[in-house]
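Visitor:
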């Protein structure tokens, strides 16, 4: 805009130290804004619309007077403000003004930090890729053709196919979002902890002396005890064979005497809708909640669920002197969206009129003899409604309720359950120092761990966590002993695969049930479980290779994962019979690659002249400025190849420049990046305290605020400054000043609390004095009556009290509100 700028008058301003240089750009910017405001106002006044034609009889509007722009004039500082500055200089460690560091902001360019969480969202958005957003073609021509009548053909044979397709579309389950998945993970963890506590309680009941005495008296004898506890004089094979023989005989006795009358623990399922969960009812034959007394009754009667039977069998073996574990396959709620769901409640069927009439009670229509007593007036009134004039003359015979038939003592109702157990027992084979499974009720097997795992299609049983509890209360995760494909299938349904700290959380959950040391038997068992996991065969389908801890396919690698150069293949697999063969690699040959900025935030820097192992494609950004579209196009053309990433082998530890003569090296924002301890410069010290920068500024030494990370909100991250970096020789002095600042802060807090307490006491004393002056000329009896009236406002005040109040308020010395001025009283500075 050409032309001279309009001068704007401004008042003299107060200058402080280092304020002139700081406020100069702000003053210039303010003058520019005021200048633009004035010119914009002038332009709007000059550009007036053309006047309309005046109608006859219409008055002309008065002319508008131009308005002048308002200018703000700053007042010079008062003397009180100057005196306050002089007083502040005399106070030590008070109102120290620290120069505010420049705010540092970072933007994510490669999105590699969000890839792990967003990959699931990308998979969820795949279902919307089939939507066609194109507009239908519109015939905008002016010519219209006459439409001829067309023949319509109805094909009713495809009606069934269309209905089935509609049902499949309706029953298709939508994938869960991230918030729902996090909620399910929390519920999964809570359910696991509850199930662990439940099994630990049942394990303690197995050690009950009364339960063991009852079972030992009814099932054990001397010969059976001798088989179950072989002596050390036998060979290794002899001890194992004797234990097997004793278990076979005891299993036959227990299975013959024990009767299954209830349904045990089942797999927990999610409901599709909340209405299904509200209308859900437990089966009639489900196991009832038990206490220790109920468990003792079950030991005496030998009746209950399969779970109680396995627990009683464990107590029986422990009573015989056998080291036995109570093993449970926990059935928690799954955190994934796939899998079976809770069955829908059955719909209530409406009965037809014939069925409703058939269910009505039948009465005898024959009339009574003359000797029968007359009906009651209520019955005659009912019969009068029939309509016949002589209907009340007949006597209806009394109807008796039919006698309920006595239930016949037939065979008990069979309990239908999963053919795989939830509870079983592990017995220690002393000869081989190995734990062996025993299932006396469901599979009737022992020494066969692989027959206890249910298939993936089983609805009521899913083996994900198998925990064994010993007699002393210690627990151990033995899932790898029973799962046939632990790494390929079972591990994906556990908390270790879905959460970053899932493995650590599961170990922490089991820590409450572990002993403080490992025995030789524990070490032998750990080696056995590790060997079983390493002997697991390679998966046979492509889906099982995803997130496999040993093998990997190139199609399953994440955005920031690459293979090392020259990685050897472990085999090939094809997707189907006609699919191409894909190479299988070892998981140890997969490396994590990151950008230069990410490696720098981890305390490493990329070596010069390194070739990126991969380029990440950049996502298109929306232009937010005035020329956003042009800027976006230039950025995409410049970074068409994508964001380069590097592996750890291409980086070295970052070494910042050392501190020379107490001068701290800073970045362009006046800070120092300290993401990891190795980024502290040589000869410096990091003071991780909120008063670190203030203490260094008070001492007058050079320092740099420490930038320890970024707090991201979406794609934009704000710098987090905590502590300060100083020279090593000044560390002791800075920490001493920090202690003084802490004491000063505590003193300020005490003073604030003291002022608050004094204010409350002053308010209390003022209220007491007001009350004393109000009741000064009132008798004690009247005072009690008025206090009672105040405490009970629903009661009506007596007229005598009202008269006295009126007399008091009629005097000349009484102010509004009932306050009496006492001329002889000595009022203080507060007025009372």
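In UniProt numbering, the protein residues as written are 1 to 832. Every residue gets a Cβ at the ideal spot worked out from N, C-alpha and C, and that includes glycine.
(1) Can you confirm whether the segment 226-241 touches the segment 261-268 when touching is taken to mean that 3 or more C-beta pairs between the two stretches lie within less than 8 angstroms?
(2) By Cβ distance, which residues of its chain are closer than 6 angstroms to residue 711, with the 5 residues on each side in sequence left out?
(3) Under a three-way DSSP split, which group does residue 806 fall into?
(4) Any idea which residues DSSP pairs residue 328 with across the strands?
(5) Report the rounded CA-to-CA distance for residue 420 versus residue 279, giving the unit in angstroms.
(6) Would you tell me roughly how many angstroms separate the C-alpha atoms of residue 599 and residue 651, rounded to the nearest one?
(7) Rounded to the nearest angstrom, what separates residue 445 and residue 425 at their Cα positions?
(8) Looking at the unbroken alpha helix (DSSP H) that takes in residue 524, where does it start and where does it end?
(9) Can the beta-carbon of residue 325 be found closer than 7 angstroms to that of residue 470?
(10) Three or more beta-carbon pairs under 8 angstroms between the segment 476-483 and the segment 527-545, yes or no?
(11) From the DSSP output, read off the bridge partner residues of residue 839.
(12) Can the beta-carbon of residue 257 be found less than 7 angstroms from the beta-carbon of residue 302?
(13) Does residue 761 have its Cβ less than 7 angstroms from a Cβ in chain B?
(14) Nearest to residue 612 by CA position, among 561, 218, 786 and 539, is which residue?
(15) Within 10 angstroms of the Cβ of residue 305, are there 16 or more other Cβ atoms? Answer buried if so, exposed if not.
(16) Is the segment 185-196 touching the segment 451-460 in the sense that three or more CB pairs, one from each, lie closer than 8 angstroms?
(17) For residue 685 versus residue 731, is the C-beta spacing smaller than 7 angstroms?
(18) How big is the Cα-Cα spacing for residue 285 and residue 550?
(19) Where does residue 761 fall in DSSP's three states?
(20) Who are the Cβ neighbours of residue 668 in its own chain at under 6 angstroms, not counting the five residues just before and after it?
(21) In terms of residue numbering, what span does the alpha helix (DSSP H) encompassing residue 313 cover?
(22) Which same chain residues end up closer than 6 angstroms to residue 312 when comparing Cβ atoms and leaving out the 5 residues on each side of it in sequence?
(23) Mind checking which residues open and close the alpha helix (DSSP H) that includes residue 222?
(24) Do you know offhand how far residue 541's Cα is from residue 441's?
(25) Give, in chain order, every unbroken run of the alpha helix (DSSP H) that is at least 4 residues long and sits entirely within the segment 674-746.
(26) What does the Cβ neighbour count give for residue 678, buried or exposed, with the cut at 16 atoms within 10 Å?
(27) Around the Cβ of residue 519, are there at least 16 other Cβ atoms within 10 angstroms (buried) or fewer (exposed)?
(28) Per DSSP, which residues does residue 261 bridge with? Please list them.
(29) Residues in its own chain within less than 7 angstroms of residue 270 by CB, not counting five upstream and five downstream?
(30) Would DSSP call residue 596 helix, strand or coil?
(31) Leaving out five residues on either side along the sequence, give the residues of the same chain with a beta carbon under 8 angstroms from the beta carbon of residue 654.
(32) Mapping the DSSP letters down to three states, classify residue 552 as helix, strand or coil.
(33) Going straight from the alpha carbon of residue 522 to that of residue 567, what length do you get?
(34) Judging by CA-CA distance, which residue of 587, 607, 646 and 585 is the nearest neighbour of residue 615?
(35) Give the DSSP-derived three-state secondary structure of residue 753 in the structure shown.
(36) Whole angstroms are fine: how far does the CA of residue 741 sit from the CA of residue 691?
Guide: Judging by the given coordinates:
(1) no
(2) 718 and 720
(3) Because the pLDDT at residue 806 is just 44, under 50, the model does not fix this residue reliably, and the value given afterwards should be weighed accordingly. Note: residue 806 maps to helix in three-state DSSP.
(4) 423 and 467
(5) 28 angstroms
(6) 8 angstroms
(7) 11 angstroms
(8) 520-534
(9) yes
(10) yes
(11) Nothing in the structure corresponds to residue 839, since the chain is present only between 1 and 832.
(12) yes
(13) Here there is only one protein chain, and chain B is not present.
(14) 561
(15) buried
(16) no
(17) yes
(18) 45 angstroms
(19) helix
(20) none
(21) 306-319
(22) 299
(23) 222-228
(24) 35 angstroms
(25) 692-699
(26) exposed
(27) exposed
(28) BP columns for residue 261 are empty, so no partner.
(29) 333, 341 and 342
(30) helix
(31) 600, 603, 604, 605, 678 and 679
(32) strand
(33) 37 angstroms
(34) 646
(35) helix
(36) 7 angstroms
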